[in-house]
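Written below as structure tokens is the structure these notes are about.
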Amino acid sequence: MNTPSLLVLAGDGIGPEVMDEVKRIITWFGDKRDLRFDLSEDLVGGAAYDAHGVPLHDDTMAKAQEVDAVLLGAVGGPKYDDLDFSLKPERGLLRLRKEMDLFANLRPAQCFDALADFSSLKRDIVSGLDIMIVRELTSGSYFGEPRGIFEENGKRVGINTQRYTEDEIDRVARSAFELARKRGNKVCSMEKANVMESGILWRDVVTEVHQADYADVELSHMYADNGAMQLVRNPKQFDVILTDNLFGDILSDCAAMLTGSLGMLPSASLGLPMENGRPKAMYEPVHGSAPDIMGKGLANPSACILSFAMALRYSFDHGEDATRLEQAVEKVLASGVRTADLMQADGGKPASTSEMGDAIIAELDASL
Ligand code: IPM
Ligand code: MG
465 MNTPSLLVLA GDGIGPEVMD EVKRIITWFG DKRDLRFDLS EDLVGGAAYD AHGVPLHDDT
525 MAKAQEVDAV LLGAVGGPKY DDLDFSLKPE RGLLRLRKEM DLFANLRPAQ CFDALADFSS
585 LKRDIVSGLD IMIVRELTSG SYFGEPRGIF EENGKRVGIN TQRYTEDEID RVARSAFELA
645 RKRGNKVCSM EKANVMESGI LWRDVVTEVH QADYADVELS HMYADNGAMQ LVRNPKQFDV
705 ILTDNLFGDI LSDCAAMLTG SLGMLPSASL GLPMENGRPK AMYEPVHGSA PDIMGKGLAN
765 PSACILSFAM ALRYSFDHGE DATRLEQAVE KVLASGVRTA DLMQADGGKP ASTSEMGDAI
825 IAELDASL
């Protein structure tokens with residue numbers, strides 16, 4: 465089989481520095497586990513804007529369509545705040561999601577035991593937490609037409625459209641049910657069927673898919689506002705949460721914070737299978753570009769490293785090595801090594817980005 469290809473788009477802010485650690489991890493898997501990747505790199509977001517005047521060059525888009533998986537760091541920064549909407553760094557990311565048709569966004573919210581005291585909730589509410597949010601990523605109010613700022617009777621009106629076809633709901637629901645079968649076998653679907661027609665259709669289609677093909681999975685429905693409340697009240701009631709693009713954006717930040725650190729959480733965005741059977745895929749940390757700490761060696765590379773673990777599992781069928789990497793990260797945390805985001809103010813000297821990378825590589829070595 466050909467060497468699988470990876471396109472690295474480190475992006476802006478702390479993206480490049482956390483990605484440097486991921487590249488060391490990729491090299492480790494090549495040297496020690498004989499898992500080799502054909503790696504290429506390119507620009508996205510503000511970095512692409514600086515070089516080409518657009519947040520994603522057409523050539524980069526074309527490359528992303530060809531590779532087996534894309535690894536993305538982060539996009540955005542205050543420098544780009546005044547750019548026209550169509551040129552903002554985020555548009556580069558949204559273009560990748562849309563044109564690669566990455567409709568299923570997997571956002572695990574897992575509470576590492578060593579970090580349970582970091583959560584803003586009490587330890588017993590979050591310890592052992594293991595939720596998977598499946599967020600629809602290519603439709604809904606992020607992309608629905610009509611959209612824009614228009615004028616009506618001399619006054620401006622801002623419009624976005626929440627729109628879902630039944631096929632769009634069907635395919636992401638299947639992703640959620642398939643995942644649930646490999647986990648706790650439970651799906652809770654969240655929408656606002658009490659006020660939105662798109663929510664009524666969402667609930668209907670999810671129910672139909674369930675009855676037709678996944679009746680063995682336990683399915684429940686919740687209004688998204690109640691879902692937000694339940695996530696902070698008793699998050700361990702959930703296994704897989706299935707929701708739309710905008711609710712998923714909000715609920716996944718909420719779930720992320722339950723775990724104590726945004727700096728720990730990876731994500732996978734998956735599309736339809738390519739000719740070689742692999743899904744179109746992009747992997748990225750949930751955290752943003754954190755321009756305030758950029759270049760200082762303070763960033764936690766774990767989320768980006770764990771995103772590579774997800775790539776090993778979902779794109780390359782190396783679940784065992786994905787687990788090896790996840791366990792290495794967990795052991796590092798358990799041993800007390802902490803980047804600044806995971807320390808109390810008086811916690812002593814934090815590990816730098818590359819020291820965290822060193823510690824993870826040392827644990828990987830120890831796993832052999
Ligand atoms: C996310 C982010 C993005 C989103 C932004 C950066 C466009 O918040 O991935 O959750 O809103 O989807
Ligand atoms: Mg978000």
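Using my numbering, you'd call the opening residue of the sequence shown number 465 and step up by one each time.
We treat Cβ as the ideally placed atom computed from N, Cα and C, and that holds for glycine.
All figures in this text were calculated on a predicted structure; none of them were measured in a lab.
Annotated as distal: ALA786 and VAL704, with beta-carbon spacing of 7 angstroms or more. Any heavy atom of the ligand MG counts here; residues with a Cβ closer than 6 angstroms to one of them, in chain order, are ASP713, ASP717.
DSSP, read as helix, strand or coil, puts GLU530 in helix. Rounded to the nearest whole angstrom, the C-alpha separation of LEU536 and ASP713 is 17 angstroms. Rounded to whole angstroms, the gap between the alpha carbons of LEU551 and GLY612 is 15 angstroms. Cα atoms of GLU790 and GLY618: separation of roughly 56 angstroms, rounded to the nearest angstrom. With the rule of 3 Cβ pairs closer than 8 angstroms, the stretch 588-600 counts as touching the stretch 714-725. At a Cβ-Cβ threshold of 7 angstroms, LEU473 and LYS527 do not count as neighbours.
In this structure, the beta-carbon distance from ALA644 to VAL673 does not fall below 7 angstroms. Distances between the C-beta of GLU554 and the heavy atoms of the ligand IPM include at least one below 6 angstroms. At a Cβ-Cβ threshold of 7 angstroms, VAL681 and ASN658 do not count as neighbours. Counting along the chain, CYS652 sits inside the beta strand (DSSP E) bounded by residues 650-655.
Counting C-beta pairs closer than 8 angstroms gives three or more between the stretch 772-780 and the stretch 735-755, which meets the contact rule. By the C-beta density criterion, PHE614 is exposed, having fewer than 16 other C-beta atoms within 10 angstroms. DSSP, reduced to helix, strand and coil, places HIS685 within a strand of the structure shown. For the stretch 710-782, the full-length beta strand (DSSP E) segments reaching 3 residues or more read 730-737, 743-749 along the chain. The alpha-carbon separation between ARG500 and ASN698 amounts to approximately 42 angstroms.
Where SER662 is concerned, the enclosing alpha helix (DSSP H) starts and stops at 661-677.
Relative to the Cα of MET774, the nearest Cα in the group THR602, LEU729, GLY811, ILE757 belongs to LEU729.
Boundaries of the beta strand (DSSP E) around MET596: 594-600. Under DSSP, the beta-bridge partners assigned to PRO572 are MET596. For the 7 angstroms CB-CB criterion, MET654 and GLY691 form a contact.
Residues of the same chain with a CB within less than 7 angstroms of the CB of VAL793, apart from the 5 flanking positions on each side, are SER766, ILE769, LEU770, ILE824 in chain order. Counting along the chain, the unbroken beta strand (DSSP E) around PHE614 starts and ends at 608-616. If you draw a straight line from the Cα of ASP546 to the Cα of LYS760, it comes to about 25 angstroms.
Contact annotation, LEU828 with SER733: C-beta distance approximately 26 angstroms; criterion of less than 8 angstroms not satisfied. The Cβ-Cβ distance between MET686 and CYS652 falls below 7 angstroms. By the neighbour-count criterion, in which 16 or more other beta carbons inside 10 Å mark a residue as buried, ASP805 falls on the buried side. Distance from the CA of MET525 to the CA of GLY541, rounded to the nearest whole angstrom, comes to 21 angstroms.
The residue from GLY663, SER469, ASP506, ILE589 with its alpha-carbon nearest to that of PHE702 is ILE589. GLY821 counts as buried, since at least 16 other C-beta atoms from the protein chains shown sit within 10 angstroms of its C-beta. Between ILE478 and ALA763 a beta carbon distance of about 4 angstroms is seen, short of the 8 angstroms cut, so the two are scored as contacting. Counting only the Cα atoms, GLN808 lies some 10 angstroms from PRO814. When DSSP states are grouped into helix, strand and coil, SER591 belongs to the coil group.
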